[in-house]
Amino acid sequence: MTATVDLTHSPADEEFRAEARAWLRAHVPRRPLPSLETAAGFAAHRAWEAELAADRWSVVSWPEEYGGRGAGLLRWLVFEEEYWAAGAPGRVGQNGVSLLAPTLFEHGTEEQRARVLPSMATGEVVWAQAWSEPGAGSDLASLTSRAVRTDGGWLLRGQKTWSSRAAFADRAFGLFRSEPHRPRPHQGLTYLMFDLRAPGVTVRPIGRLDGKPAFAELFLDEVFVPDEDVIGEPGQGWRIAMSTAGNERGLTLRSPGRFLAAAGRLRDLWQARGGPASTADRVADAVVGARAYQLFTYAAAARFLDGESLGPESSLNKVFWSELDLAMHETALDLLGAEGELADTTWSEGYVFALAGPIYAGTNEIQRDIIAERLLGLPKGRR
Amino acid sequence: MRFLLDTEQRDFAGALRALLTAADTPSVVRDWSRGERASGRTLWGRVAEAGVFGLAVPEEYGGVGRRPVELAVACVELGRHVVPGPVAETVAAAVLLDDGEGLAKRFLPGIASGETMATVAFESHGYGFALDGDAADVRLAATPEGLRLSPGAGAVRQSLDPARRLAPLFPAGELISAEPPWAEALVWARLATAAQALGVGLALLDRTVAYVKQRTQFNVPIGSFQAVRHRLADVKIALEFARPMVFGAAVTMAPADVAAAKLGACEAAHAAARAALQLHGAIGYTAEYELSLWLTKARALRGAWGAPEDCRRDVLEGRT
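From first to last, the protein sequence lines stand for chains U and P.
So in my numbering, spot 148 of the first sequence is number 1516, and the numbers just go up one at a time.
So in my numbering, spot 181 of the second sequence is number 226, and the numbers just go up one at a time.
Here is the structure:
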């Protein structure tokens, strides 16, 4: 029996790691940028994306022609470990990069990729997602916003909500009902990109728990979208949106590097506070959880690179990281004691962000339903 | 970087699974817990013949060289089938006795072949009893002077897991090693325990999923209720994150990784046991029903070779 199972990176990947580390050491801002969820912070984060992009560090996994380095999945994981370990800023372009770009790579046209991706890579155009509606959250397929056929394109009407980043973003992507009389709700939906500054769009920012406008409502009144901004075939939007939902994206939505870095900072904080016994278990669990998430991801990546489809496994992943993230931040605030309530610290900013984790990208209840049905084979039930 | 078991390793697991399924391990466990050892020794011999104990023994002493990944693969299967006997203890003994000369020559071939069942009382790590101290052929007692070959065991105390017979060792006998590799033995025993716990948890989840699909109440399978589905989903999550921890620990053998794996696998198995008992209801609470063999083992393994608190401490100290 030869043990080919291997947890060491190739020399080439380690070289890449060293290069990334050196670049980050020279460029990561000394002080944290202002909150991403403010006008000033948004602008600062956009500028940071441009700085990353100038040296091809903003989208390392993309092909070179769109501003990337053609890094494979393992190399991307290495980059992320270095990125977060360096204390680098949050990624303002995350929605576009992790949700829209994979869809364009799989279902978009050459022309769409050439038009959309380069400006996404530099942060010149920041994308918001437009999935949820007032009446369609977990039951996303029940959405009622319409795309109505018109000369040379579509007219959007309706209302989207909880649109992350939309308060300051430039463009958005989402699903719209183009064929209202189909028998099942997930039929007749179309995947579209649109301009948040187009005539007919009203953006009303929504303050999240701490009041910062992290998301927005979008009111759409006969907003014209040219045919060139439809992704895939009209009417096939559900299939297109879901095809990238469970696969590689399940691995890349939140990288282990982020949680390894947070667990390391939590351990430092705990030690700086004298290593109190009362929180030792929770700090240890954070360290263990981050390592577990890293190893789980490397195992999933190995299966993926071996040609296996991951599909519903990404639901395990989503529940795990969102609960880990929240638990780590809760522990940090507890360690900070009375200072824990101060809103302008990295920990409290992260805490408010982490509180949303179990809700967005498919609530954890929906993920548990997927696990029960598709991984355990339990009968469908009343939800 | 390729964190994936290869075909040979997966085939090895499959072969062991087939062997253990055919061996009807639950009836062996029942015998063992009554102190009837014949069926247990036969099974032990077959497990050894399949190469399991040789995975902790160098080639020159009848093993295949130390292979922690394959050992973890095997121990998952042993746990899945609740194989009785001092598995982790025999692994620890193989490490403690591997001095590369006299002791190795004297003891390791027997361990690899399955003729020797060994146990260890490791008081310095808070584990004062020797598992199956009455049944083992070689009893290793940790004493202040070093490792002694204990002449016998005291009265057996029953574990919560009827398959585990715990006995204190007489701290006397031949002093065979003044400075045995305690820390290394602990890591190996922990890995073997973590992998068994993972196997126990996986079996509990499988059995419970099967049960809630066929058990009907209010005219529907109870597995269609969201309270049931979500509880089992949480068990699935815990086990699927424990699995790479166990194999990752086997790859690195870093003490902090092994401590994390022990913690993660035992917590997941414990969660699986709690869910399994609750979802089986009263039938699950009976000693007669087979599920009890897994339920009680999950509890016992959690404390063995490093309780959660010990493992968390080792994680935080990043012990190497």
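Where is the CB? At the ideal position from N, CA and C, for every residue including glycine.
| Item | Value |
| --- | --- |
| Within 10 angstroms of the Cβ of Thr161(P), are there 16 or more other Cβ atoms? Answer buried if so, exposed if not. | buried |
| In this structure, what does DSSP give as the bridge partners for Ile1574(U)? | Phe1583(U) |
| Reducing DSSP to helix, strand and coil, say where Ser1403(U) ends up. | coil |
| For Asp69(P), would you say it is in contact with chain U, using Cβ-to-Cβ distances shorter than 8 Å as the test? | no |
| Quick check on this structure: which residue in Trp1715(U), Leu1441(U) and Ala1422(U) has the alpha carbon closest to the alpha carbon of Gly1435(U)? | Ala1422(U) |
| Flag Ser1426(U) as yes if its beta-carbon sits less than 8 Å from any beta-carbon of chain P, otherwise no. | no |
| In three-state terms, what does DSSP make of Gly1526(U)? | strand |
| Are there 16 or more other CB atoms within 10 angstroms of the CB of Lys281(P), so buried, or fewer, so exposed? | buried |
| Where do the ends of the alpha helix (DSSP H) carrying Thr253(P) lie? | Trp227 to Gln259 |
| Could you check what DSSP says for Thr365(P) in three-state terms: helix, strand or coil? | Model confidence at Thr365(P) stands at a pLDDT of 40, short of 50, so the residue's coordinates are unreliable; what they give is reported in the following sentence. Thr365(P) falls in the coil class under three-state DSSP. |
| I think Leu324(P) touches Val257(P), with their Cβ atoms under 8 Å apart; what is that distance to the nearest whole Å? | 6 Å |
| Would you call the stretch 234-245 of chain P and the stretch 1695-1709 of chain U touching, i.e. three or more CB-CB distances under 8 Å? | no |
| Could you tell me which of Phe1627(U), Gly1718(U) and Asp1737(U) sits nearest to Glu1681(U), measuring between CA atoms? | Asp1737(U) |
| If we count the other Cβ atoms within 10 Å of its Cβ and call it buried at 16 or more, is Glu1596(U) buried or exposed? | exposed |
| By DSSP, does Ala1421(U) sit in helix, in strand, or in coil? | helix |
| Would a check of beta-carbon distances place Phe1688(U) closer than 8 Å to chain P? | yes |
| On the premise that Ala186(P) lies in contact with Glu216(P), defined as a C-beta separation below 8 Å, what is that separation, rounded to the nearest angstrom? | It is worth fixing the name first, because residue 216(P) is Pro in this sequence and not Glu. Contact holds; Cβ gap of about 5 Å. |
| Would you say Lys307(P) reaches chain U, if we count a Cβ-Cβ gap shorter than 8 Å as a contact? | no |
| Give the residues of chain P in contact with Ser1378(U), contact being defined as C-beta atoms less than 7 Å apart. | Met46 |
| Excluding the 5 residues flanking Leu61(P) on each side, which residues of the same chain have their C-beta closer than 7 Å to its C-beta? | Ala95, Ala119 and Glu122 |
| At what residues does the beta strand (DSSP E) containing Thr164(P) begin and finish? | Ala163 to Ala166 |
| Any beta-carbon of chain U closer than 8 Å to the one on Asp51(P)? | yes |
| Got a sec: does the ligand HEM put a non-hydrogen atom nearer than 7 Å to the Cβ of Gly363(P)? | The ligand HEM is absent from the structure shown, which contains no ligands of any kind. |
| Using 8 Å as the cut-off, can you tell me whether the stretch 1710-1720 of chain U makes contact with the stretch 1651-1662 of chain U, which would need three or more C-beta pairs spanning the two stretches below that distance? | no |
| Around the Cβ of Thr87(P), are there at least 16 other Cβ atoms within 10 angstroms (buried) or fewer (exposed)? | exposed |
| Taking only three categories from DSSP, how would you classify Gly59(P)? | helix |
| Between the C-alpha atoms of Ala1390(U) and Gly363(P), what's the straight-line distance to the nearest angstrom? | 26 Å |
| Give me the subset of the stretch 335-359 of chain P whose CB atoms are less than 7 Å from a CB atom of chain U, sorted by chain position. | Arg357 |
| Name, please, each residue of chain P whose Cβ falls closer than 7 Å to the Cβ of Leu1678(U). | In chain order: nothing, as chain P lies at least about 12 Å away. |
| From Pro189(P) to Leu211(P), what distance separates their C-alpha atoms? | 21 Å |
| Is Phe1592(U) near Gly1521(U), with beta carbons less than 8 Å apart? | yes |
| At what residues does the alpha helix (DSSP H) containing Thr32(P) begin and finish? | Residue 32(P) lies beyond the range of chain P shown here (46 to 365); nothing can be said about it. |
| Compare the beta carbon distance of Ser1690(U) and Asn1732(U) with 8 Å and say whether it is the shorter of the two. | yes |
| Starting from Val1516(U) and walking both ways along the beta strand (DSSP E), at which residues does that stretch end? | Arg1514 to Thr1518 |
| Between which two residues does the beta strand (DSSP E) carrying Ile221(P) extend? | Glu219 to Ser222 |
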